[in-house]
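K.L.:
Taken in order, the sequence shown gives residues 30 to 372; the numbers are from our numbering.
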Amino acid sequence: MNSLQITGMSNYSTLLSVFDRYHTFALSTHINPDGDAIGSELALYAFLTEIGKSVKVFNTDAVPKNYKFLPCWDVIEGVNAVDTYRPEVLVVLDASTLERIGKRLSKTLLPIHKLVNIDHHATAEAFGDINLIMPAASSTSEIVYKLIKHYQTSINQACALCLYTGLMFDTGCFRYSNTTDETHRIAAELIEIGKFAPDEIYRNVYEQLPVAKLRLLSEVLSTLQVTDNGKIASVYATQEMFRKTGTNTDALEGIVNQIQAIAGVEVALCASEMTDRSTKVSLRSQGRVDVSQLAAEFEGGGHARAAGCRLVMHYLTALTTLVQTAQRYMDQSPSKYKDCRKD
Ligand code: 5GP
Ligand code: MN
């Protein structure tokens with residue numbers, strides 16, 4: 030496979046020429062899709078259909094309820110819908126590795142001509158024929174925004190709404206260190222084009238909490254542990270907690286960020302017992318430790334300040350292992366505050 034790593038603005042045209050040349054497209058994104066995954070995917074869907082392409086979208090996991098306000102969310106189909114369909118071009122968004130779209134989907138959904146990889150993860154693999162990997166971008170949505178701008182077409186209203194949602198989500202509502210003057214400028218333009226009220230987007234994404242999620246939160250917070258030096262905080266969720274509260278792992282979203290907000294905490298971890306008894310761990314860092322490297326030691330990945338991995342271990346063993354590893358990273362890194370903004 031001929032791999033072309035595109036990093037500069039000028040090279041957007043290489044990818045755009047592929048968009049011009051072919052007619053049938055499929056889009057996909059990572060399992061447990063978040064706001065950036067679905068936002069960037071639906072924005073690209075809106076753009077490609079507007080320029081006359083035939084586009085299908087296939088995801089392993091269903092669209093979470095709180096993203097069903099996005100235009101065209103219902104074009105997203107599941108793995109079974111792929112059947113014998115073969116697009117000329119497959120575009121994978123926000124996924125780090127091809128397997129992250131789901132093992133079965135990655136083996137079923139095969140392009141005839143080109144595999145395109147658009148991503149902003151620090152640990153992104155160049156698995157495509159064309160790889161638009163920009164770790165300095167706040168989100169995959171920001172890359173898609175720049176790509177469409179480069180096509181010199183106007184961004185339509187639906188597209189603006191999807192891009193804004195992705196940008197908002199991956200910058201933690203413009204709070205994280207990947208928020209820059211540029212992300213604010215892009216956001217302002219998208220609000221102008223999309224003619225939506227930002228507070229409504231916020232409410233749609235974050236304020237649709239089922240009571241059950243709060244009950245789970247209370248269970249999970251009761252497991253909170255902080256290391257003696259106060260630098261590493263961790264919580265865990267068990268299948269028993271999900272059963273008791275009528276929730277699943279989706280309800281854990283955002284919990285690790287709350288743990289990270291504890292004064293003095295440098296690394297926050299949330300371990301979740303999965304149905305197959307493996308453990309998914311979410312990691313967050315205030316900047317002193319690069320958690321994407323830490324997660325990569327366990328075949329995971331992500332960003333310097335937000336990463337994840339899955340361990341085939343009991344949740345308590347997994348958590349102990351990761352807390353110890355995080356401590357090793359802390360011991361090795363300078364105590365001076367390190368800015369990972371461009372990570
Ligand atoms: P979260 O903790 O919110 O699930 O994920 C945080 C970040 O880490 C996201 O950017 C996500 O894509 C990445 N991430 C989470 N789990 C994994 C994993 O198992 N493998 C890889 N490569 N990245 C992950
Ligand atoms: Mn993203």
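All C-beta atoms, glycine included, are put in the ideal place defined by N, C-alpha and C. Note that the coordinates shown come from a computational prediction; the quantities given were computed from them, not determined experimentally.
To the nearest whole angstrom, what separates the beta carbons of VAL296 and ALA347, a pair I think is in contact under 8 angstroms?
P.N.:
Wrong, their Cβ atoms sit about 15 angstroms apart, outside the cutoff.
K.L.:
For SER125 and GLY330, which I take to be in contact (beta-carbon distance under 8 angstroms), what is that distance rounded to the nearest angstrom?
P.N.:
5 angstroms between Cβ atoms; contact.
K.L.:
Select from ALA336, LEU122 and TYR193 the residue whose C-alpha is nearest the C-alpha of THR58.
P.N.:
Among ALA336, LEU122 and TYR193, the Cα nearest to that of THR58 belongs to LEU122.
K.L.:
Is it right to say HIS150 is buried, meaning 16 or more other beta carbons lie within 10 angstroms of its own, or is it exposed?
P.N.:
HIS150 comes out buried.
K.L.:
Return the CA-CA distance between ARG50 and LYS143, expressed in angstroms with no decimal places.
P.N.:
Computed Cα separation, rounded: 11 angstroms.
K.L.:
State the CB to CB distance for the pair GLU106 and PHE87, rounded to an integer number of angstroms; the pair is presumed to be in contact (CB under 8 angstroms).
P.N.:
So it is a contact: roughly 5 angstroms between Cβ atoms.
K.L.:
Apart from the five residues just before and just after ARG220, which ones in its own chain have a Cβ nearer than 7 angstroms to its Cβ?
P.N.:
As written in the sequence, residue 220 is Ile, which differs from the Arg given in the question. So the list reads TYR193 and PRO227, once near-sequence residues are dropped.
K.L.:
Residue range of the beta strand (DSSP E) that SER83 falls in?
P.N.:
Here the beta strand (DSSP E) through SER83 covers 83-87.
K.L.:
Which of the three DSSP states is assigned to SER301 in this structure?
P.N.:
In this structure, SER301 counts as strand in the three-state DSSP scheme.
K.L.:
Compute the distance between the beta-carbons of ILE147 and LEU161, then report whether it is under 8 angstroms.
P.N.:
Yes, they are a contact pair.
K.L.:
Helix, strand or coil: how does DSSP classify SER314 here?
P.N.:
Strand, per DSSP.
K.L.:
Over what stretch of residues does the alpha helix (DSSP H) that includes CYS191 continue unbroken?
P.N.:
Counting along the chain, the alpha helix (DSSP H) containing CYS191 begins and ends at 186-199.
K.L.:
Is the segment 94-103 in contact with the segment 172-192, if contact means three or more CB pairs nearer than 8 angstroms?
P.N.:
Yes, the segment 94-103 is in contact with the segment 172-192.
K.L.:
Which value, in whole angstroms, describes the spacing of the CA atoms of ASP199 and THR212?
P.N.:
One C-alpha to the other measures close to 11 angstroms.
K.L.:
With distances taken from CA atoms, which of TYR96, THR53 and SER42 is nearest ASN61?
P.N.:
Looking at the Cα atoms, TYR96 is the closest of the given residues.
K.L.:
Would you mind working out which of TYR41, GLY275, SER314 and GLN287 sits nearest ARG244, comparing C-alpha positions?
P.N.:
It is GLY275.
K.L.:
Can you list the alpha helix (DSSP H) stretches of 4 or more residues lying completely in the segment 245-312, in chain order?
P.N.:
Entirely contained in the segment 245-312, the alpha helix (DSSP H) runs reaching 4 residues are, in chain order, 268-274 and 284-289.
K.L.:
Just tell me which of ASP210, VAL234, GLU248 and CYS299 has its CA closest to the CA of GLY64.
P.N.:
The residue with the shortest Cα to Cα distance from GLY64 is VAL234.
K.L.:
Could you compute how far the alpha carbon of TYR180 sits from the alpha carbon of GLU236?
P.N.:
If you take the alpha carbons of TYR180 and GLU236, they lie about 35 angstroms apart.
K.L.:
For PRO116, collect the residues of the same chain with a Cβ closer than 6 angstroms to its Cβ; drop the 5 residues on either side in sequence, then sort them by chain order.
P.N.:
These residues qualify, in order along the chain: THR53, PHE54, ALA55 and PRO140.
K.L.:
When the Cα atoms are used, what is the spatial distance from SER23 to ILE130?
P.N.:
Absent from the structure is residue 23, since the part of the chain shown begins at 30 and ends at 372.
K.L.:
Would you check whether ligand 2 has a heavy atom nearer than 7 angstroms to the C-beta of THR169?
P.N.:
True, at least one ligand heavy atom lies under 7 angstroms from that Cβ.
K.L.:
If you check the beta carbons only, do LEU428 and VAL310 fall under 8 angstroms apart?
P.N.:
The chain is shown from 30 up to 372; residue 428 falls before or after that span and cannot be answered.
K.L.:
Sort MET163, ARG317 and SER170 by Cα distance to PRO363 and report the nearest one.
P.N.:
Taking only the C-alpha atoms, the option nearest PRO363 is ARG317.
K.L.:
Distance, Cα to Cα, ALA280 vs THR113?
P.N.:
Each residue's Cα considered, the two are about 34 angstroms apart.
K.L.:
Per DSSP, ALA55 forms a beta bridge with which residues?
P.N.:
Answer is LYS85 and LEU119, bridged to ALA55.
K.L.:
Short check: CB of VAL145 to CB of LEU119, under 8 angstroms?
P.N.:
Yes.
K.L.:
Can you tell me whether ARG214 is helix, strand or coil according to DSSP?
P.N.:
Helix, per DSSP.
K.L.:
Cα separation between ILE230 and GLU218?
P.N.:
Distance between the alpha carbons of ILE230 and GLU218 is about 15 angstroms.
K.L.:
If you measure between the beta carbons of THR208 and SER170, is that distance less than 8 angstroms?
P.N.:
For THR208 and SER170, no; Cβs fall outside 8 angstroms.
K.L.:
How should THR89 be labelled, buried or exposed, when 16 other C-beta atoms within 10 angstroms of its C-beta is the threshold for buried?
P.N.:
With 16 or more Cβ atoms within 10 Å of its Cβ, THR89 is classed as buried.
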